[in-house]
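Worksheet: the structure to be examined is printed underneath.
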Amino acid sequence: MIKTILIIITALISFIMNGQEVQGQWNGLLKVPGTQLRIVFHVNKTETGYSATMDSPDQKAIGIPMEKATFENSVLKLEMPKALISYEGTLNKDNIIVGKFTQGGQSLELNLSKEIIQKKVYARPQEPQKPYPYYTEDVKFENKTDKVVLAGTLSLPKKEGNFPAVILISGSGGQNRDGETLGHKPFLVLADFLTKNGFAVLRFDDRGVAQSTGDISKATTADFARDVQAGVDYLQTREEINKNKIGLIGHSEGGVIAPIVAGNSKTIDFIVLLAGPGLRGDKLLLLQKEAIERESGVSESEIQKSQEIFRGAYDIIIASSANDENLKKNVKDYFASKYDENFAKSLTAQITNNWMYYFLRMDPAANLAKVKCPVLALNGTKDLQVPATVDLEAIKKTLLKAGNKNVTTKELANLNHAFQECKTGSPEEYEKNEQTFSPLALEEIASWMVLQTK
Numbered sequence: 020m021i022k023t024i025l026i027i028i029t030a031l032i033s034f035i036m037n038g039q040e041v042q043g044q045w046n047g048l049l050k051v052p053g054t055q056l057r058i059v060f061h062v063n064k065t066e067t068g069y070s071a072t073m074d075s076p077d078q079k080a081i082g083i084p085m086e087k088a089t090f091e092n093s094v095l096k097l098e099m100p101k102a103l104i105s106y107e108g109t110l111n112k113d114n115i116i117v118g119k120f121t122q123g124g125q126s127l128e129l130n131l132s133k134e135i136i137q138k139k140v141y142a143r144p145q146e147p148q149k150p151y152p153y154y155t156e157d158v159k160f161e162n163k164t165d166k167v168v169l170a171g172t173l174s175l176p177k178k179e180g181n182f183p184a185v186i187l188i189s190g191s192g193g194q195n196r197d198g199e200t201l202g203h204k205p206f207l208v209l210a211d212f213l214t215k216n217g218f219a220v221l222r223f224d225d226r227g228v229a230q231s232t233g234d235i236s237k238a239t240t241a242d243f244a245r246d247v248q249a250g251v252d253y254l255q256t257r258e259e260i261n262k263n264k265i266g267l268i269g270h271s272e273g274g275v276i277a278p279i280v281a282g283n284s285k286t287i288d289f290i291v292l293l294a295g296p297g298l299r300g301d302k303l304l305l306l307q308k309e310a311i312e313r314e315s316g317v318s319e320s321e322i323q324k325s326q327e328i329f330r331g332a333y334d335i336i337i338a339s340s341a342n343d344e345n346l347k348k349n350v351k352d353y354f355a356s357k358y359d360e361n362f363a364k365s366l367t368a369q370i371t372n373n374w375m376y377y378f379l380r381m382d383p384a385a386n387l388a389k390v391k392c393p394v395l396a397l398n399g400t401k402d403l404q405v406p407a408t409v410d411l412e413a414i415k416k417t418l419l420k421a422g423n424k425n426v427t428t429k430e431l432a433n434l435n436h437a438f439q440e441c442k443t444g445s446p447e448e449y450e451k452n453e454q455t456f457s458p459l460a461l462e463e464i465a466s467w468m469v470l471q472t473k
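In my numbering, the protein residues as written are 20 to 473.
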């Protein structure tokens, strides 16, 4: 009798599970390096089965259609083959879908529920609050070569006067004028500090971001350099700007862009490189990969194996000629010999796009050698993305060899790639860290700039 009852109960639970409704909004939190991303699936019943869309609210992506959607035996499967994205999870008795989100062959745990998920909000004590004790103005200027209109903010110590000026140049990836990423607004904090110290500051939305026009997905570092030059040209039209004291501050990729602009223009009077690369792109990315993997606890054997594989892929790109029609196929075939087909496709797409192809092959030394104005180069000792010592040595060596006699390089203790005080330097810390920009770094930048503009 007991056995019969257990069989009946088991059958009943199975019936209830299979009868559970999967329609509606399902919410989850995807843990990725450096942050957590909210993922929302909207599942709908159709005459022939199911359909679904995906939202990524933190990336401002809404209503992305999933190409395939099925729900059988309590298992939800969602697929977007073109983007190499899929999700598979099992709906349990607690009305939780337990599963994994996969993109490009990499899988992460992602459990879904009907509960609306709120991300933890971290304090940002350094963010200035309006009203500011200085003048700000929303401005627009045009890169006439590429027919791109850049929108930004110009801050002045006072509405009227004549001030030394600086343009802030963001790192890789589309960012707005505040350099907003992972809940921080470093360019807002930096602009506020510098304006209070007597400088006019121009910061702008990257092309294709926020209020700026253009297509960032097709742009390279060279394109971004033309955007910055357009900003320089704009500043020269403003009567409040001292045209003999215009400088550039570039962070990360911005630290590559600043020398490009300065090396091709006599109107730049100083540049500040914040974790600006001094090594060719492929060499830098291999160092970055090694440092982050080691900090993340990856075994030395796996690190070296990964280095060998990616060095081989980068070598194919470095050896390729312009407009090589077989490049993507050659890279994909190479990765396919090391990984599964889907992961190979994903990796190939990542390292052969316009931006990455240009970056991997670009040697900053060629542009640094043309820079004759004063240079300040700063790196944090715990920067895992642009390792400080080797990077600063490369920058200094190149500049001095080219005859630039006004070069200052400095490692700032315990700062990460974002110039935050930190414990390990891992990207995992960026968002959780309440500090947006080290006060020590702010002082180093401002005091050096004051000396250059006396």
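Backbone N, C-alpha and C fix where the C-beta goes; we use that ideal spot for every residue, glycine too.
Is it buried or exposed, Tyr449, if we count other Cβ atoms within 10 angstroms and call 16 or more buried? Residue mapping note: residue 449 aligns to position 430 of the sequence shown, counting from 1. Label assigned to Tyr449: buried.
What residue range does the beta strand (DSSP E) around Gln55 cover? The residue given as residue 55 occupies position 36 in the sequence shown. Its beta strand (DSSP E) spans residues Thr54 to Lys64.
Quick one: residues in its chain with C-beta nearer than 7 Å to the C-beta of Tyr353, no 5 flanking neighbours on either side, listed in chain order? Within the sequence shown, the letter at position 334 stands for residue 353. Around Tyr353: Gly331, Ala332 and Ile335.
In the DSSP output, what is Asp157 paired with across the bridge? Position 138 of the sequence shown, counted from the start, is the residue given in the question as residue 157. Paired residues: Thr172.
To the nearest whole angstrom, what separates the beta carbons of Ser445 and Leu403, a pair I think is in contact under 8 Å? On the sequence shown, residue 445 is found 426 positions in, with the first residue counted as 1. On the sequence shown, residue 403 is found 384 positions in, with the first residue counted as 1. Correct: roughly 7 Å between the Cβ atoms.
For His436, the residue or residues it bridges with in DSSP: Locating residue 436 in the sequence shown gives position 417, counting from the first residue. Looking at the DSSP assignment, His436 forms no beta bridge with any residue, so it has no partner.
Can you name the residues that DSSP bridges to Leu48? Taking the sequence shown and counting its residues from 1, the one referred to as residue 48 is at position 29. Paired residues: Arg57.
So Phe212 is in the alpha helix (DSSP H); what residue range does that whole segment cover? For the purposes of this step, residue 212 is taken as the residue at position 193 of the sequence shown. That run of the alpha helix (DSSP H) goes Pro205 to Lys215.
Quick check on this structure: which residue in Glu258, Gly250, Leu201 and Arg257 has the alpha carbon closest to the alpha carbon of Leu267? As a working mapping, residue 267 is identified with position 248 in the sequence shown. Ranking Glu258, Gly250, Leu201 and Arg257 by Cα distance to Leu267 puts Gly250 first.
Cβ atoms of Gly190 and His270: under 9 Å apart, would you say? Here residue 270 is taken as the residue at index 251 of the sequence shown, counted from 1. Here residue 190 is taken as the residue at index 171 of the sequence shown, counted from 1. Yes, Cβ-Cβ distance for His270 and Gly190 is below 9 Å.
Under the three-state DSSP convention, the category Gly316 falls into: Against the sequence shown, residue 316 aligns to sequence position 297. Of the three classes helix, strand and coil, the one that applies to Gly316 here is coil, per DSSP.
Can the beta-carbon of Ala477 be found less than 9 Å from the beta-carbon of Ile260? The question about residue 477 has no answer here: the residues shown for the chain are numbered 20 through 473.
Helix or strand or just coil, what does DSSP make of Ala30? Taking the sequence shown and counting its residues from 1, the one referred to as residue 30 is at position 11. Bear in mind that the predicted position of Ala30 carries a pLDDT of just 46, short of 50, making it too unreliable to give a figure here.
Outcome for Gln439 when other beta-carbon atoms lying within 10 angstroms are tallied against a minimum of 16: As a working mapping, residue 439 is identified with position 420 in the sequence shown. Looking at its Cβ environment, which holds 16 or more other Cβ atoms inside 10 Å, Gln439 is buried.
Going by the DSSP bridge assignment, what does Gln125 pair with across the sheet? Looking up residue 125 in the sequence shown gives position 106. Beta-bridge pairing links Gln125 to Gln122.
Are there three or more Cβ pairs, one per stretch, closer than 8 Å when the segment 236-250 is compared with the segment 206-215? no
Straight-line gap, Pro398 to Thr67 (C-alpha atoms, nearest Å): Position 379 of the sequence shown, counting from 1, holds the residue named residue 398. Position 48 of the sequence shown, counting from 1, holds the residue named residue 67. Position check: residue 398 holds Asn in this sequence, whereas Pro was assumed. Whole-angstrom Cα-Cα distance: 58 Å.
With a cut-off of 8 Å, do at least 3 Cβ pairs link the segment 362-380 to the segment 408-420? no
Rounded to whole angstroms, how far is the Cβ of Gly108 from the Cβ of Asn361, which I believe are closer than 8 Å? Here the question's residue 108 lines up with position 89 in the sequence shown. Here the question's residue 361 lines up with position 342 in the sequence shown. Not really, about 19 Å apart at Cβ, beyond 8 Å.
Within this structure, are the beta carbons of Asn435 and Tyr141 separated by less than 9 Å? Along the sequence shown, one-based indexing puts residue 435 at 416. Along the sequence shown, one-based indexing puts residue 141 at 122. No.
Hey, could you find the ends of the beta strand (DSSP E) Pro183 is sitting in? Taking the first residue of the sequence shown as 1, we reach residue 183 at position 164. Counting along the chain, the beta strand (DSSP E) containing Pro183 begins and ends at Phe182 to Ile188.
Using the C-alpha atoms, what's the distance from Arg143 back to Ala229? Sequence index remark: in the sequence shown, residue 229 carries index 210 (1-based). Sequence index remark: in the sequence shown, residue 143 carries index 124 (1-based). Answer to the nearest angstrom: the Cα atoms are 22 Å apart.
Inter-stretch contact at 8 Å, needing at least 3 Cβ pairs: the segment 126-138 / the segment 147-156: no
Which residues bound the beta strand (DSSP E) around Lys416? Translated into the one-based positions of the sequence shown, residue 416 becomes position 397. Per DSSP, Lys416 belongs to no beta strand (DSSP E); it is in the alpha helix (DSSP H), Ala407 to Lys420.
Close beta carbons around Leu298, own chain, < 6 Å, minus the five adjacent residues each side: The residue given as residue 298 occupies position 279 in the sequence shown. The residues are Ala413.
Does the structure place the segment 171-183 close enough to the segment 220-229 that three or more beta carbon pairs sit under 8 Å? yes
Would you grab the beta carbon distance between Lys138 and Arg57 for me? Rounded to a whole angstrom, and I think it's under 8 Å. The residue labelled residue 138 in the question sits at position 119 within the sequence shown. The residue labelled residue 57 in the question sits at position 38 within the sequence shown. 6 Å between Cβ atoms; contact.
Exposed unless 16 or more other CB atoms sit within 10 angstroms - verdict on Asp359: Here the question's residue 359 lines up with position 340 in the sequence shown. Exposed is the call here.
Is it true that the segment 157-170 meets the segment 199-208, where meeting means three or more beta-carbon pairs spaced less than 8 Å apart? no
So Val469 is in the alpha helix (DSSP H); what residue range does that whole segment cover? Counting from one through the sequence shown, the residue named residue 469 turns up at place 450. Taken as a continuous stretch (DSSP letters only), the alpha helix (DSSP H) holding Val469 covers Pro458 to Gln471.
State the beta-bridge partners of Asp74 as determined by DSSP. Position 55 of the sequence shown, counted from the first residue, corresponds to residue 74. Answer is Val59.
In whole angstroms, give me the CA-to-CA distance for Asn423 and Cys392. Within the sequence shown, residue 423 is the residue found at index 404, counting from 1. Within the sequence shown, residue 392 is the residue found at index 373, counting from 1. Roughly 7 Å between the two C-alpha positions.
Please work out which residues of its chain come closer than 8 Å, Cβ to Cβ, to Thr367, disregarding the five sequence neighbours upstream and downstream, and give them in chain order. Within the sequence shown, the letter at position 348 stands for residue 367. Correct list, in chain order: Lys347, Val350, Lys351 and Phe354.
Alpha carbon to alpha carbon, how far is Gln42 from Leu103? Give it in angstroms, no decimals. Here residue 103 is taken as the residue at index 84 of the sequence shown, counted from 1. Here residue 42 is taken as the residue at index 23 of the sequence shown, counted from 1. The straight-line gap from Cα to Cα measures roughly 24 Å.
Ignore the nearest five residues each way along the sequence and tell me which others in Met381's own chain have a CB closer than 8 Å to its CB. If you number the sequence shown from 1, residue 381 lands on position 362. Same-chain partners within the cutoff: Thr240, Val275, Arg299 and Gly300.
Between which two residues does the beta strand (DSSP E) holding Gly250 run? Within the sequence shown, numbered from 1, the residue matching residue 250 stands at position 231. Where Gly250 is concerned, there is no enclosing beta strand (DSSP E), although the alpha helix (DSSP H) it sits in stretches over Thr240 to Leu254.
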